[in-house]
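What follows is a short report on a single structure.
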Amino acid sequence: MARAAELGRLTVAVIWRRAQLVERRPQNATARTLVFSVPGWPGHLPGQHVDVRLTADDGYQAVRSYSLAAPADGDRIELGVQSVPDGEVSPYLADALPVGMDVEVRGPLGNWFVWRPAAGEPVLLVAGGSGIVPLAAMVRAHRASGSDSALSLVYSVRGGDDVWYRDHLDDGHPGLDVRFLYTRKPPPGSIRDPARISAADLADAAAGLRPSSPVYVCGPTGFVETAADLLTGLGRDPATIRTERFG
Amino acid sequence: MADTTAHLDGNCLAGPLSEILSVEPTAAWWRCPQCARSGPLADLHVYGPEPGLTARCPGCAHVALRLVREEGHIWLSMGGSAGAFRFPVA
Numbered sequence: 354m355a356r357a358a359e360l361g362r363l364t365v366a367v368i369w370r371r372a373q374l375v376e377r378r379p380q381n382a383t384a385r386t387l388v389f390s391v392p393g394w395p396g397h398l399p400g401q402h403v404d405v406r407l408t409a410d411d412g413y414q415a416v417r418s419y420s421l422a423a424p425a426d427g428d429r430i431e432l433g434v435q436s437v438p439d440g441e442v443s444p445y446l447a448d449a450l451p452v453g454m455d456v457e458v459r460g461p462l463g464n465w466f467v468w469r470p471a472a473g474e475p476v477l478l479v480a481g482g483s484g485i486v487p488l489a490a491m492v493r494a495h496r497a498s499g500s501d502s503a504l505s506l507v508y509s510v511r512g513g514d515d516v517w518y519r520d521h522l523d524d525g526h527p528g529l530d531v532r533f534l535y536t537r538k539p540p541p542g543s544i545r546d547p548a549r550i551s552a553a554d555l556a557d558a559a560a561g562l563r564p565s566s567p568v569y570v571c572g573p574t575g576f577v578e579t580a581a582d583l584l585t586g587l588g589r590d591p592a593t594i595r596t597e598r599f600g
Numbered sequence: 003m004a005d006t007t008a009h010l011d012g013n014c015l016a017g018p019l020s021e022i023l024s025v026e027p028t029a030a031w032w033r034c035p036q037c038a039r040s041g042p043l044a045d046l047h048v049y050g051p052e053p054g055l056t057a058r059c060p061g062c063a064h065v066a067l068r069l070v071r072e073e074g075h076i077w078l079s080m081g082g083s084a085g086a087f088r089f090p091v092a
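Residue numbers (this note's numbering), protein chains in the order written: chain A, 354 to 600; chain B, 3 to 92.
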């Protein structure tokens with residue numbers, strides 16, 4: 354419990370730590386879950402992220418931010434990495450960094466885009482593409498906490514093959530309501546025509562919320578702007594909407 | 003931060019600012035001196051690329067802060083007309 358209490362502290366000393374890649378799991382054609390062992394990891398809250406620092410042989414360094422995909426689990430952390438074409442860092446992390454090698458991580462970072470399992474409010478999560486990563490950590494923390502508060506997830510993806518973390522989202526848990534919005538290639542049997550997220554999609558998912566219930570939106574910048582505008586258009590108080598854009 | 007050029011938001015400032023602040027900054031409240039919009043630092047729109055980051059008001063694009071990382075130093079300028087961050091402290 355000392356560690357859990359520590360997580361609520363406001364003052365943090367953030368240092369670079371060695372992180373050894375121990376496992377790589379494909380999520381779809383270009384997305385990977387990377388599991389690192391980070392000795393001394395202080396724990397984290399769902400929604401937080403880390404900075405990853407790579408150092409080349411000539412000393413050149415590159416730093417990128419990645420969301421933590423799983424709740425705190427000792428020295429193990431999971432990152433969700435989407436390989437971006439022509440990216441400087443993500444293709445290397447996604448497919449080239451050998452298991453057993455070290456990188457450096459700094460974190461946990463961010464105290465705003467976090468969900469605290471003690472909160473009893475219904476919650477709406479809205480994910481666009483790889484924006485699912487920090488929200489998946491919230492889903493898994495909600496499950497682990499045994500909370501009976503309602504959790505709704507609206508998850509916009511191009512097609513069925515693009516879904517990350519299907520095992521965690523599709524298990525039929527009664528406290529979790531997942532709605533997939535397919536924008537291009539809906540799987541056979543889908544009722545909804547392929548389309549970008551709409552006010553109607555969000556109105557349905559938000560029906561069980563209270564006025565004060567929190568909404569978390571994460572995804573590409575354009576998706577986040579659209580979803581946040583639709584939510585305020587539906588009368589949600591902007592102060593209840595927390596957003597994270599990843600470019 | 004990301005591998006693309008679209009703007010990010012203040013969440014991505016958590017790492018760089020952790021090097022010079024002892025309090026986690028993304029929940030810090032800010033009020034724009036130009037358009038009076040207010041909200042957390044996390045809501046600011048952040049433009050790169052690294053190593054120079056400019057955080058702007060999401061309502062009117064007024065500059066809230068600029069941060070530049072160089073070897074051994076971080077340069078931080080707060081606002082263009084005396085905008086101030088308010089940090090929660092215990």
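Yeah, the Cβ is synthetic: ideal placement off N, Cα and C, and Gly gets one too.
If you ignore the 5 residues before and after residue 423 (chain A), its C-beta comes within less than 7 Å of the C-beta of 431, 490, 493, all in its own chain and listed in chain order. With distances taken between CA atoms, residue 570 (chain A) lies nearest to A:595 out of A:595, A:458, A:546, A:548. In terms of beta-carbon proximity, residue 598 (chain A) lines the interface with chain B, with at least one pair separated by less than 8 Å. When beta bridges are read from the DSSP output, residue 47 (chain B) appears opposite B:11, B:58.
Just measuring C-alpha positions, the residue of A:435, A:575, A:531, A:460 sitting nearest residue 404 (chain A) is A:460. Residue 394 (chain A) is outside the set of residues whose beta carbon lies under 8 Å from a beta carbon in chain B. Looking from the CA of residue 573 (chain A), the closest CA among A:554, A:402, A:598 belongs to A:598.
By the criterion of at least three beta-carbon pairs nearer than 8 Å, the stretch 62-79 of chain B is in contact with the stretch 31-40 of chain B.
By the neighbour-count definition (other C-beta atoms within 10 Å, threshold 16), residue 482 (chain A) is a buried residue.
Approximately 6 Å separates the beta-carbon atoms of residue 393 (chain A) and residue 370 (chain A); this is inside 8 Å, confirming the contact. With 16 or more other CB atoms across the displayed protein chains lying within 10 angstroms of its CB, residue 518 (chain A) is buried.
In chain order, 552, 555 place their CB closer than 6 Å to the CB of residue 583 (chain A), counting only its own chain and leaving out the 5 sequence neighbours on each side.
Out of A:563, A:566, A:478, A:567, the CA that lies nearest to the CA of residue 533 (chain A) is found in A:478. Distance from the CA atom of residue 426 (chain A) to the CA atom of residue 511 (chain A), rounded to whole angstroms, is 31 Å. Legend: CB atoms of the stretch 463-482 of chain A lying less than 8 Å from CB atoms of chain B belong to residues 463, 464, 465, 466. Between residue 465 (chain A) and residue 44 (chain B), the gap from beta carbon to beta carbon is short of 8 Å. Judged by DSSP in its simplified three-state form, residue 445 (chain A) adopts helix.
Rounded to the nearest whole angstrom, the CA to CA distance from residue 20 (chain B) to residue 545 (chain A) is 44 Å. Here residue 535 (chain A) is buried. Its C-beta has 16 or more other C-beta atoms within 10 Å. Taking 8 Å as the upper bound on Cβ-Cβ separation, chain B lies near residues 416, 417, 418, 437, 439, 440, 441, 442, 443 of the stretch 416-443 of chain A. When DSSP reads this structure, residue 80 (chain B) sits in a beta bridge with B:67.
Scanning chain A for C-beta atoms nearer than 8 Å to the C-beta of residue 34 (chain B) yields nothing, as the closest lies near 14 Å away.
For residue 461 (chain A), the enclosing beta strand (DSSP E) starts and ends at 455-462. Rounded to the nearest whole angstrom, the C-alpha separation of residue 564 (chain A) and residue 421 (chain A) is 28 Å.
Under DSSP, residue 421 (chain A) takes part in a beta bridge, and its partners are A:432.
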